[in-house]
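Peer 1:
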Amino acid sequence: MQTRNQTAAASPTPVLAVRDLSIALPAGGDRPQAVRHISFEVAPGRIVCLLGESGSGKSVIAHAVMGLLPPALKPAGGSIELLGENLLVIFQEPMTALNPLYTIGNQIVETLALHEGLDRRAARERAVALLERTGISDAAHRFDSFPHQLSGGQRQRVIAILVIATVNFLLIRAAPGDPVSVMAGEAGASDPQFVAQLRTQFGLDKPVPEQLATYLGHVVHLDLGYSYRQQQPVLDLILQRLPATLILTGSAFLLSVLFGVVLGAWASRRAGSWVDNAITLFALVFYATPLYWLAMMAVLLFSVKLDWLPGFGYFTVGADLHGLALVFDIASHLVLPALTLALFYMAVYARMTRASMLEVAQMDFVKTARAKGVRPGRIQRAHILRNALLPVVTLAGIQAGGMIGGAVLTETVFAWPGIGRLMFDALLQRDYNLLLGCFLVTAAMAVLFNLLTDFVYTLVDPRIEMQ
1 MQTRNQTAAA SPTPVLAVRD LSIALPAGGD RPQAVRHISF EVAPGRIVCL LGESGSGKSV
61 IAHAVMGLLP PALKPAGGSI ELLGENLLVI FQEPMTALNP LYTIGNQIVE TLALHEGLDR
121 RAARERAVAL LERTGISDAA HRFDSFPHQL SGGQRQRVIA ILVIATVNFL LIRAAPGDPV
181 SVMAGEAGAS DPQFVAQLRT QFGLDKPVPE QLATYLGHVV HLDLGYSYRQ QQPVLDLILQ
241 RLPATLILTG SAFLLSVLFG VVLGAWASRR AGSWVDNAIT LFALVFYATP LYWLAMMAVL
301 LFSVKLDWLP GFGYFTVGAD LHGLALVFDI ASHLVLPALT LALFYMAVYA RMTRASMLEV
361 AQMDFVKTAR AKGVRPGRIQ RAHILRNALL PVVTLAGIQA GGMIGGAVLT ETVFAWPGIG
421 RLMFDALLQR DYNLLLGCFL VTAAMAVLFN LLTDFVYTLV DPRIEMQ
């Protein structure tokens with residue numbers, strides 16, 4: 001690997017050079033409003049990215065260049081130079097965060113549009129040509145995934161998320177109390193000057209419309225802000241808790257759908273019998289039982305009284321477990337919260353499946369199948385159940401996203417370190433940015449589950465096609 005001085009001496013003439021490009025970074029926590037300066041150039045056979053002042057602004061361009069690197073060349077961080085596949089990247093500092101919407105390609109487009117007066121289409125075409133001259137053969141394909149190339153359905157989903165973010169922001173701002181009053185109260189400081197300084201630092205002294213515009217501008221670039229209380233970026237905090245929530249809600253969702261559909265199908269096949277009555281009673285009881293009460297009773301019975309299962313936490317603290325031992329330990333901690341969360345939704349799916357199958361069983365095509373002598377089991381599976389699943393799939397798609405929000409009580413009772421508990425703590429601490437970030441992530445996941453539901457439709461009913 002060459003040194004920087006050797007590399008600089010052999011540098012070819014750049015075909016595009018940007019020096020001291022200013023990027024404004026928002027204020028948050030103890031981080032003041034700042035402007036970072038970066039420089040990059042595109043030359044035949046290479047891209048050089050020089051990151052200026054220290055601070056989190058480096059990650060914007062650093063991650064952009066990382067997105068252009070082949071996997072084998074992606075570094076773990078640090079002050080490095082990489083040579084290979086006609087690409088050279090210089091990082092002066094390790095990356096500190098991720099922001100994938102800022103790509104170096106977009107920076108080139110914006111630079112060309114600003115300094116050379118090109119429209120976006122012409123700037124994009126020239127940027128693709130510049131990147132291809134550096135050896136990036138699929139540059140045009142990478143540009144096709146940029147935000148301004150979103151399809152109609154993608155635009156609708158992005159707009160839906162932005163509308164949800166706006167409503168959440170306005171509702172939280174309308175609530176009594178704010179993080180400044182909480183922090184000042186905890187510090188025992190009633191000095192108006194100190195309180196005013198905190199409000200200025202957190203941007204709460206600005207008009208609400210200006211705060212909203214700033215917040216949405218950051219959301220578009222996946223900057224969820226800075227947690228006042230945790231002293232960490234909101235996105236980092238959420239990503240730390242997301243795996244635990246996905247494990248819990250994913251397990252509960254699979255259990256509820258699987259057993260709910262099975263119980264509902266069994267009840268519809270034995271309609272009017274004691275089996276149907278027992279399943280209906282089971283569904284009504286768990287549908288009407290408060291989730292927090294069910295969680296506390298589960299801890300009291302299976303953890304405290306019987307000592308069969310651990311009642312709290314994600315894994316055994318202090319146990320140095322690895323491999324399968326760690327997997328089994330997490331699974332044992334998962335049983336109670338997953339079953340508790342699944343029982344309510346299992347009751348919902350059982351009732352929905354039963355009602356839908358009884359309705360489909362009265363349709364003409366089912367009567368025709370019976371008249372042709374098709375076996376009852378095949379009629380039940382291939383004709384009734386498959387057609388009855390569409391409303392169940394619709395309900396499951398809607399509730400899958402809501403299950404993450406519903407996990408707040410479950411995670412709080414079982415001390416499960418997921419987004420639900422993070423959201424609860426943020427609410428008590430009036431940590432606006434963290435609370436808004438949690439809301440936004442749950443909303444985005446709900447939109448994602450709706451998209452997945454559309455794909456499941458095509459599997460359940462071949463007559464439905466994705467456009």
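Sequential numbering of the sequence shown, starting at 1, is according to the UniProt record's numbering. For glycine and all other residues, C-beta sits at the position ideal for the given N, C-alpha and C. Here the structure is a predicted model, which means the values were calculated and not measured.
1) Do three or more CB pairs link the segment 433-442 to the segment 223-239 at distances below 8 Å?
2) Out of curiosity, what's the CA-to-CA distance linking residue 479 and Met346?
3) For Tyr349, name the three-state secondary structure that DSSP assigns.
4) Could you have a look at Pro233 and say whether DSSP puts it in helix, strand or coil?
5) Which residue comes first and which comes last in the alpha helix (DSSP H) that contains Ile279?
6) For the segment 217-236 against the segment 420-433, do three or more pairs of beta-carbon atoms, one drawn from each stretch, fall closer than 8 Å, so that the two count as touching?
7) For the alpha helix (DSSP H) that Val220 lies in, which residues bound it at each end?
8) Just reading off the alpha helix (DSSP H) that Lys367 is part of, what are its end residues?
9) Leaving aside the five residues before and after Val208 along the sequence, list all residues of the same chain whose C-beta is less than 7 Å from its C-beta, in chain order.
10) Would you report the Cα separation of Leu422 and Val360, rounded to the nearest angstrom?
11) Does the distance from the C-beta atom of Leu216 to that of Ala160 stay below 8 Å?
12) What is the DSSP secondary structure of Tyr457, reduced to helix, strand or coil?
13) Give the DSSP bridge partners of Tyr314, in chain order.
14) Provide the residue span of the alpha helix (DSSP H) that contains Ile384, from first to last.
15) Can you tell me whether Tyr226 is helix, strand or coil according to DSSP?
16) My output table needs one value for Arg378: the three-state DSSP class, helix, strand or coil.
17) Can you round the beta-carbon distance between Ala355 and Ser251 to whole angstroms, since I take them to be within the 8 Å contact cut?
18) Below 8 Å on the Cβ atoms is my guess for Gly313 versus Val299; work out the distance and round it to an integer in Å.
19) Can you tell me whether Ser273 is buried or exposed, with buried defined as 16 or more other CB within 10 angstroms of its CB?
20) Considering only the beta carbon of each residue, do Gly397 and Leu452 sit closer than 8 Å?
21) Between which two residues does the alpha helix (DSSP H) harbouring Asp425 extend?
22) Pull up the distance between the alpha-carbon of Gln232 and that of Phe169, whole angstroms please.
23) Residue range of the alpha helix (DSSP H) that Trp308 falls in?
24) Measure the alpha-carbon distance for Pro176 versus Phe282 and round it to whole angstroms.
25) State the start and end residues of the unbroken alpha helix (DSSP H) segment that holds Trp293.
26) Could you tell me the alpha carbon to alpha carbon distance between Asp329 and Met357, rounded to whole angstroms?
27) Closer than 8 Å is the cut-off here; do at least three beta carbon pairs connect the segment 284-297 with the segment 403-414?
28) Please say whether Ile419 and Val392 have beta carbons closer to each other than 8 Å?
29) Below 6 Å CB to CB, which residues in the same chain sit around Ala267 once its five sequence neighbours on both sides are set aside?
30) Measuring only the C-alpha atoms, how far is Val241 from Val220?
31) Buried or exposed, going by whether 16 or more other CB atoms sit within 10 Å of the CB of Leu459?
32) In angstroms with no decimal places, state the Cα-to-Cα distance between Asp425 and Phe365.
33) Return the Cβ separation of Leu341 and Leu248 in integer angstroms, given the expectation that the two are a contact with Cβ distance under 8 Å.
34) Go ahead and pull the three-state DSSP assignment for Phe414.
35) Counting only the same chain and skipping the five closest in sequence on each side, list residues whose C-beta sits under 6 Å from that of residue 514.
Peer 2: In this structure, then:
1) Yes: the two stretches touch, three or more of their Cβ pairs being nearer than 8 Å.
2) A question about residue 479 goes unanswered here, because the residues of the chain that appear run from 1 up to 467.
3) Locating residue 349 in the sequence shown gives position 349, counting from the first residue. Helix, per DSSP.
4) Taking the first residue of the sequence shown as position 1, residue 233 is located at position 233. DSSP places Pro233 in strand when its eight states are reduced to three.
5) Indexing the sequence shown from 1 puts residue 279 at position 279. Unbroken alpha helix (DSSP H) run through Ile279: Trp274 to Ala288.
6) yes
7) Along the sequence shown, one-based indexing puts residue 220 at 220. From DSSP, the alpha helix (DSSP H) with Val220 extends over Val208 to Val220.
8) By one-based count along the sequence shown, residue 367 stands at place 367. Asp364 to Ala371 is the extent of the alpha helix (DSSP H) around Lys367.
9) Numbered from its first residue, the sequence shown carries residue 208 at position 208. The answer, listed in chain order, is Arg173.
10) Counted from its first residue, the sequence shown places residue 422 at position 422. Counted from its first residue, the sequence shown places residue 360 at position 360. Going from the Cα of Leu422 to the Cα of Val360 covers about 43 Å.
11) The residue given as residue 216 occupies position 216 in the sequence shown. The residue given as residue 160 occupies position 160 in the sequence shown. No, the Cβ-Cβ distance between Leu216 and Ala160 is not below 8 Å.
12) As a working mapping, residue 457 is identified with position 457 in the sequence shown. Three-state result, Tyr457: helix.
13) Residue 314 sits at position 314 when you count from the first residue of the sequence shown. In DSSP, Tyr314 forms no bridge with anything.
14) Position 384 of the sequence shown, counted from the start, is the residue given in the question as residue 384. Per DSSP, Ile384 belongs to no alpha helix (DSSP H) and is neither H nor E.
15) Mapped onto the sequence shown, residue 226 falls at position 226. Of the three classes helix, strand and coil, the one that applies to Tyr226 here is strand, per DSSP.
16) Numbered from 1 along the sequence shown, position 378 holds the residue referred to as residue 378. DSSP places Arg378 in helix when its eight states are reduced to three.
17) For the purposes of this step, residue 355 is taken as residue 355 along the sequence shown, with counting starting at 1. For the purposes of this step, residue 251 is taken as residue 251 along the sequence shown, with counting starting at 1. Not quite, the Cβ-Cβ distance comes to about 26 Å (not below 8 Å), so this is no contact.
18) Against the sequence shown, residue 313 aligns to sequence position 313. Against the sequence shown, residue 299 aligns to sequence position 299. At roughly 12 Å, the Cβ-Cβ gap does not stay under 8 Å, so Gly313 and Val299 are not in contact.
19) Here residue 273 is taken as the residue at index 273 of the sequence shown, counted from 1. Counting Cβ neighbours within 10 Å, Ser273 comes out exposed, since fewer than 16 surround it.
20) Numbered from 1 along the sequence shown, position 397 holds the residue referred to as residue 397. Numbered from 1 along the sequence shown, position 452 holds the residue referred to as residue 452. Yes; because the gap between Cβ atoms is below 8 Å, this pair is in contact.
21) For the purposes of this step, residue 425 is taken as residue 425 along the sequence shown, with counting starting at 1. Start and end: Ile419 to Leu428.
22) Numbered from its first residue, the sequence shown carries residue 232 at position 232. Numbered from its first residue, the sequence shown carries residue 169 at position 169. About 20 Å.
23) Position 308 of the sequence shown holds residue 308. No alpha helix (DSSP H) contains Trp308, which DSSP labels as neither H nor E.
24) Numbered from its first residue, the sequence shown carries residue 176 at position 176. Numbered from its first residue, the sequence shown carries residue 282 at position 282. Their Cα atoms are separated by approximately 41 Å.
25) Position 293 of the sequence shown, counted from the first residue, corresponds to residue 293. That run of the alpha helix (DSSP H) goes Leu291 to Ala298.
26) Counting from one through the sequence shown, the residue named residue 329 turns up at place 329. Counting from one through the sequence shown, the residue named residue 357 turns up at place 357. Spanning the alpha carbons of Asp329 and Met357 requires a straight line of approximately 39 Å.
27) yes
28) Indexing the sequence shown from 1 puts residue 392 at position 392. Indexing the sequence shown from 1 puts residue 419 at position 419. No, they are not a contact pair.
29) Counting from one through the sequence shown, the residue named residue 267 turns up at place 267. Closer than 6 Å at Cβ, skipping near neighbours: Asp276, Ile279 and Arg354.
30) The residue you call residue 241 lines up with position 241 of the sequence shown. The residue you call residue 220 lines up with position 220 of the sequence shown. The question names Val, yet the displayed sequence has Arg at residue 241. So the two alpha carbons sit approximately 22 Å from each other.
31) On the sequence shown, position 459 is the one that residue 459 refers to. Exposed: under 16 other Cβ atoms inside 10 Å.
32) Position 425 of the sequence shown, counted from the first residue, corresponds to residue 425. Position 365 of the sequence shown, counted from the first residue, corresponds to residue 365. If I take the Cα positions, the gap works out to 54 Å.
33) Locating residue 341 in the sequence shown gives position 341, where the first residue counts as 1. Locating residue 248 in the sequence shown gives position 248, where the first residue counts as 1. That pair is a contact at about 7 Å.
34) For the purposes of this step, residue 414 is taken as residue 414 along the sequence shown, with counting starting at 1. Judged by DSSP in its simplified three-state form, Phe414 adopts coil rather than helix or strand.
35) Only positions 1 to 467 of the chain appear in this structure, which leaves residue 514 out of reach.
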